[in-house]
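J.:
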Amino acid sequence: MNAWDELVERCARRRREKIGPLSEDAYAELVLAVREDPASFVDDPTEAALLVLAQALDAYRASCRNDDLLDDAAFEAERRRRMSALRAESERAAQMAERSLDARLLALLAQDLDPDPLLGGLIELEREFGPGARPEGDAWEDVFYRPRLRLRAAVARACLDGARFKMAASASASLVDVAPRDQLGARRTFALALARLEDEKGFDALDARFDRRGDAWSHLARVILLFKLDRMSAARRALRGYEGLCEGGAYALLRPTYVEPYLPDRPETVPGSFEESMLAVREAEPIIADVPDFIGWCQGFDWLVASAERFARGRDLDW
Amino acid sequence: MAHDPKREDYQRLSLRFAQGLDGADPGVAMRAFASFGQRFAQDRDSLPQSDADRAFHLVALATEVVDYRLPFATDEQAPELIQRGKDLLDEALSLDPTCYDALRMRSSSEAPSVEARYRVLADRADEVRAYCEAARDEAASSLEGERAMLAANIAMRPYWRWLASLAEEALICGRNTVAAEVAERLLESDPTDSCDVRFTLAYALAKLEDETGLARLGERYATISPQRPANDAWMLLARAALAHKRCDLLAARDLLAKLLEAYPTGAGALVRQVELPDGEFSRLRVSPYSEDELILAVSEGIVLLQEGSDRSGRGVLGSWVAGTVASLRPEAAAEAMRDRGSEGAQKS
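Line by line, the protein sequences give chains E and W.
In terms of my numbering, the first sequence is numbered consecutively and its last residue is 319.
In terms of my numbering, the second sequence is numbered consecutively and its last residue is 1348.
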């Protein structure tokens, strides 16, 4: 979530509503002015809350940068500290504006709950805030509607983590329906859920819907799907594809690492990057665990292991 | 009903014995048959039998050792029992290389992973089918009446057990579509489901979150197993899993209550959720609605219970089931938790 960008856009739109119609150029001027000093344009409690969230997220992300230097115990303590700081700030923001769904969502996610209680909380939020008036066109374009989309995406991920795959699929499907350009990457959760449900038709339809562009999630999901369907030569080819198309894909799969919880959504990444491979493997974890010999089968391919090792050497990572 | 190799051994020899009496004087035949039971128990070698019959007898002995004694053996006794089981199966295979029960049990104990076990079963299923069907056709053409039916049924059993094992392995491997397909293939070949593969099928459908398929399976019970309604632990647990997955917790809780009604002493098993090794010959023989049956169903149900990233280590459904059973049957659950705690203390 880019809270600053959204804050700017929200403030500019509210200001425009107040002062009446503006030419495109004038609106662009206004946006520049807001960007310069967003705080001075905040005149609604929801934006005031968003300002607090933007600052809290900056502080949270900044504190993640020193993790590499910490040992396990210090890392765990630091993780707890920054999560509870973020939670406290989110709760403060939620008190400033009770209709700030983002604040409520972050406060919930920062509790780092197990899938079941998390999903319970998310569904509670969906009930409380209702579906809202669905904007025309791609719902993402309406900055005031985005918190609802983020909530839905969190529901989909909590369902995937909690072994509710049909629900994960339907929540993701509803997202790609209302926001077809899918800036939140619901198609990724969707692809993993379909792989776990062994729904090859659905998986193929989803792939086609996004012009078969593919990413770490869909490449990995395809390998798992074909493995589950016992189409082993096809699974092997798909594994080759995953290894070739996703940077550090082999390493991410064979040496999975801890990934911070998504607060409030999946971090922005460079397409095809190692970071994407890591995130995809982390998200696929519950469905990989359900295929007990999957990793063993992957390890049986020398080229995959060699690729992982090469990547580790190149990046100076443990192997 | 699970398969009973001792009973099957008896059936095989009595069938052959009866064939040998054909054409004899009825009085002589009658007297001879009266002595069969005693000879079977005490002087088995004096009875007419083929190498295949002898091999199957060894399978029955091996089953006794690996499925019914090994689970209760101490760590000191275990290696000897495992070796004895292997030796019996090897001997069976040396007598009859097409003793598919022995082959299945032997390769299962040798396979280094569930994947390898699955692979052997999947790759050779057609071969086993062709062999058993040929044996069945021969039995049907050389015998008449009830004997022909029994012989045909016996001829097919190794294939049925093969498919039942394959369905279970597929489920363990996370290949739920395959598990469901194999179970259907078995039901087609053995419509009265002597292997109770519909239990495995219920779990596969729950894993696929196929509500319609599971509901239809419930309806099919009337023809598959008219004697036993669809309230076995597998079916109820599969339905509870689906209700839990769609967040219908009231319905899921209701199904757990039904499960405890059908298995009144089962609360402990549902709280402990112990995973046991599957029977090598077939699913272990236990009484319907006994606590043991529930223990088996829970053990096979680990694939459903332990899914999801739940930090308790029990899985999302597993935690919920343990917690809900504890609220439905607090005393039994507390006792089970104490047992669980002391087991953990002993291990560490």
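We treat Cβ as the ideally placed atom computed from N, Cα and C, and that holds for glycine.
Note that the coordinates shown come from a computational prediction; the quantities given were computed from them, not determined experimentally.
With distances taken from CA atoms, which of W/M1105, W/A1034, W/Q1038 is nearest W/D1067?
T.: W/M1105
J.: Report yes or no: is there a C-beta of chain W within less than 9 Å of the C-beta of E/L119?
T.: yes
J.: Below 8 Å on C-beta distance, what does W/N1231 contact in chain E?
T.: By Cβ distance, chain E contributes nothing, its closest Cβ being about 24 Å from W/N1231, past 8 Å.
J.: Quick one, are the C-beta atoms of W/V1303 and W/G1218 less than 9 Å apart?
T.: Contact flag unset, no.
J.: CB-CB under 6 Å to E/R196, same chain, minus the five flanking residues each way: which ones, in chain order?
T.: F165, I287
J.: Determine whether the Cβ of E/L57 lies closer than 9 Å to any Cβ atom of chain W.
T.: Not closer than 9 Å to any Cβ of chain W, the Cβ of E/L57 fails to qualify, so no.
J.: Kindly list, in the order they appear in chain E, the residues whose Cβ is closer than 9 Å to that of W/D1310.
T.: Chain E residues near W/D1310: D114, P115, D116, D161, G162, A163.
J.: State the CB to CB distance for the pair E/S277 and E/C298, rounded to an integer number of angstroms; the pair is presumed to be in contact (CB under 8 Å).
T.: Going by Cβ atoms, the distance from E/S277 to E/C298 rounds to 13 Å, so no, they are not a contact pair.
J.: Beta carbons nearer than 9 Å to chain E: which residues of the region 1163 to 1188 of chain W have them?
T.: Here the close residues are A1170, I1172, C1173, G1174, R1175, N1176, T1177, V1178.
J.: Measuring only between beta-carbons, confirm whether E/R152 sits less than 9 Å from chain W.
T.: no
J.: For the alpha helix (DSSP H) containing E/M1, list its first residue and its last residue.
T.: No alpha helix (DSSP H) holds E/M1; DSSP gives it neither H nor E.
J.: By Cβ distance, which residues of its chain are closer than 6 Å to E/P115, with the 5 residues on each side in sequence left out?
T.: For E/P115, where only same-chain residues beyond five positions count, the Cβ hits under 6 Å are A158, D161, G162.
J.: Rounded C-beta distance between E/R148 and E/L101? I'm assuming under 8 Å.
T.: The pair is a contact, with the Cβ atoms about 7 Å apart (cut-off 8 Å).
J.: Which first and last residues belong to the alpha helix (DSSP H) in which W/G1027 is found?
T.: 1026 to 1034
J.: Evaluate contact between the region 1283 to 1296 of chain W and the region 1256 to 1270 of chain W, counting only Cβ atoms and requiring at least three cross-stretch pairs below 8 Å.
T.: yes
J.: What does the Cβ neighbour count give for E/Y251, buried or exposed, with the cut at 16 atoms within 10 Å?
T.: buried
J.: Would you kindly report the start and end of the unbroken alpha helix (DSSP H) that includes E/A85?
T.: 72 to 96
J.: For E/F227, which option in E/W4, E/G296, E/P45 has the closest C-alpha, if you only look at C-alpha atoms?
T.: E/G296
J.: By the 10 Å Cβ neighbour count, where 16 or more other Cβ atoms means buried, how is E/W303 classified, buried or exposed?
T.: exposed
J.: Could you check what DSSP says for E/D25 in three-state terms: helix, strand or coil?
T.: helix
J.: Quick one: any contact between the region 182 to 189 of chain E and the region 205 to 225 of chain E, if contact means 3 or more CB pairs under 8 Å?
T.: yes
J.: Pick helix, strand or coil for W/E1080, following the three-state DSSP scheme.
T.: helix
J.: Could you check what DSSP says for W/Q1019 in three-state terms: helix, strand or coil?
T.: helix
J.: For E/A320, which three-state DSSP category applies?
T.: Outside the shown range of chain E (1 to 319) lies residue 320 of chain E, about which nothing can therefore be said.
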